[in-house]
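Undergrad: Here it is, the structure in full.
In structure tokens:
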């Protein structure tokens, strides 16, 4: 069994009109056994920048701690928050440092950049960046997520519609994946506010 | 400076609380050729004398003002070879920053890192401080900026500053002439006049060097022809 499928995960981010949404499932498993149903995979870097980490849970947590460390030092030195594009380059560089002994994570980065322009990207476990204008997915449910997002996504959705779309895409995809699920967690970020919501789906 | 007993080891404080080697380094800077910088409302200008030891030296091969990144330039007073080492290190640091963040390094960060290098050489074994003071001029998202970095590693942001042989006269001249809302072309004229004040001999487009950065964020060293135009405007 692949190391990426050890804990099970599903992360997705979508771009809307002057907003973005990032969502993940809540299951933490050890292969077939479910250990936790409230596991956090989406983390805040600063008010307008979030990162979702799928894959091996321990690497996700450690990588997140390292990134927060780097960002806090950057904030102190440069007296400003990191732009999403800059942060994505940093994550890519950090992952490639471990090219021959990598972190088994696939990050999904979502943020509001200059002029509150939404930015999303994903990368593989060794830092190959992939920018997208519509949506990015990662995790054990990624194949289902690709299909669901492709059919449900429309450009320039308002926050409420974006929330509905990303929730439906997430829940229907994790239902087809035995390793992810047990509800969902959705974060919707606009220039003025952040909405967090927990979804109740099939609890299996 | 009667602490000569304590001037043998760089890393030893003298009883008066000074690091004598740094004082000596500043003396080396103070006997170097005059250089100056002025921050205008829409750009920065840095300039220096370019007195060559003999008329036989090919003056086109000597460039005292260097580019660190496309939007940051630097000039020095003091020892030329030490300057070259610092330029090399700073350029590398700027590129490392870009490699990590894919963003051009802000001027303050580059100044801070260069100053850190200079400070390292005041607290390590077997090395001596750099015999240069730098004037770093740049234009980034925080607008035009001018910084001076000393051999000790301390750095200051200036509206206008001078270093080298003629520092006190030059600074007095700049204090009188500087205005907050100066335009860049006025600043270039003022820089030329300041250099002229302390220049022994006739100033010409071949024995001074001027570097300029405008709001287009491209640091440029002016060619002798361009300097000649400015000189004529000043006459």
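Protein chains in written order, with the working numbering: chain E, 1 to 204; chain R, 1 to 235.
The C-beta atom is built at its ideal place from N, Cα and C for all residues, glycine as well.
The structure displayed is predicted, hence computed values, not measured ones.
1. Count the other C-beta atoms from every protein chain shown that fall within 10 angstroms of the C-beta of residue 56 of chain R, then say buried if there are 16 or more, exposed otherwise.
2. Once you ignore the five residues that flank residue 227 of chain E on each side, which residues in its own chain have a CB closer than 8 Å to its CB?
3. Between residue 77 of chain E and residue 114 of chain R, what straight-line distance do the alpha-carbon atoms span, to the nearest angstrom?
4. Quick test of your reading: residue 126 of chain E and residue 94 of chain E, contact by CB under 8 Å. State the CB separation rounded to the nearest angstrom.
5. Please report the Cβ distance between residue 52 of chain E and residue 91 of chain E, rounded to the nearest whole angstrom; I am assuming they are in contact, meaning their Cβ atoms lie under 8 Å.
6. Give a yes or no on whether the minimum CB-CB distance between residue 76 of chain E and chain R is below 7 Å.
7. For the 8 Å Cβ check, are there 3 or more pairs between the stretch 163-176 of chain E and the stretch 39-52 of chain E?
8. Taking 7 Å as the limit between beta carbons, can you name the residues of its chain near residue 83 of chain R, skipping five residues before and five after?
9. Please classify residue 224 of chain R: does DSSP put it in a helix, a strand, or coil?
10. Please state if the CB of residue 196 of chain R and the CB of residue 188 of chain R are separated by a distance shorter than 7 Å.
11. Taking only beta-carbon atoms, is residue 90 of chain E less than 7 Å away from chain B?
12. Within a Cβ cutoff of 6 Å, which residues of the same chain sit near residue 97 of chain R, ignoring the five residues on either side of it in sequence?
13. Looking only at DSSP bridge pairs, what is residue 46 of chain E linked to?
14. Classify residue 203 of chain E as buried or exposed, calling it buried when 16 or more other Cβ atoms lie within 10 Å of its own Cβ.
15. Compute the Euclidean distance between the alpha carbons of residue 206 of chain R and residue 61 of chain R, then round it to the nearest angstrom.
16. Pull the bridge partners of residue 96 of chain R from the DSSP assignment, please.
17. By Cβ distance below 6 Å, which residues in the same chain neighbour residue 84 of chain E in space, the five residues on each side in sequence not counted?
18. Quick check on DSSP: helix, strand or coil for residue 42 of chain R?
19. Taking 6 Å as the limit between beta carbons, can you name the residues of its chain near residue 36 of chain E, skipping five residues before and five after?
20. Ordered along the chain, which non-local residues of its own chain (more than five positions away) have a Cβ less than 7 Å from that of residue 103 of chain E?
21. At a Cβ threshold of 7 Å, is residue 2 of chain R touching chain E?
TA: Straight from the coordinates:
1. When all chains shown are included, residue 56 of chain R counts as exposed.
2. Because chain E in this structure spans residues 1 to 204, residue 227 of chain E falls outside the shown range and cannot be described.
3. Going from the Cα of residue 77 of chain E to the Cα of residue 114 of chain R covers about 14 Å.
4. Contact between residue 126 of chain E and residue 94 of chain E does not hold, since the beta-carbon distance rounds to 11 Å and is not under 8 Å.
5. Actually they are not in contact, since the Cβ atoms of residue 52 of chain E and residue 91 of chain E sit about 12 Å apart, beyond 8 Å.
6. No, because no Cβ of chain R sits closer than 7 Å to the Cβ of residue 76 of chain E.
7. Judged by Cβ distances under 8 Å, the stretch 163-176 of chain E makes no contact with the stretch 39-52 of chain E, as fewer than three pairs qualify.
8. Excluding five sequence positions before and after residue 83 of chain R, the CB atoms of its chain that fall closer than 7 Å to its own CB belong to 76, 132, given in chain order.
9. Judged by DSSP in its simplified three-state form, residue 224 of chain R adopts helix.
10. Against a cut-off of 7 Å, the Cβ pair of residue 196 of chain R and residue 188 of chain R comes out as no contact.
11. In the structure shown, chain B cannot be found, because the protein chains are E and R.
12. Cβ within range, chain order: 105.
13. Beta-bridge annotation (DSSP): residue 46 of chain E is paired with E/49.
14. Exposed is the call here.
15. Distance between the alpha carbons of residue 206 of chain R and residue 61 of chain R is about 12 Å.
16. DSSP lists no partner for residue 96 of chain R.
17. Spatial neighbours of residue 84 of chain E in its own chain (CB-CB distance under 6 Å, excluding positions within 5 residues in sequence) are listed in chain order as 49, 111, 113, 119.
18. Here DSSP, grouped into helix, strand and coil, assigns residue 42 of chain R to coil.
19. Within the same chain, Cβ atoms closer than 6 Å to the Cβ of residue 36 of chain E are found at 28, the five residues on either side in sequence being excluded.
20. By the criterion of a C-beta distance shorter than 7 Å, residue 103 of chain E is surrounded in its chain by 59, 63, 95, 125, once the five residues flanking it on both sides are discounted.
21. Per-residue confidence for residue 2 of chain R stands at a pLDDT of 47, beneath the threshold of 50, marking its modelled position as unreliable; the derived number appears in the next sentence. For residue 2 of chain R, the nearest beta carbon of chain E is not closer than 7 Å to its own beta carbon.
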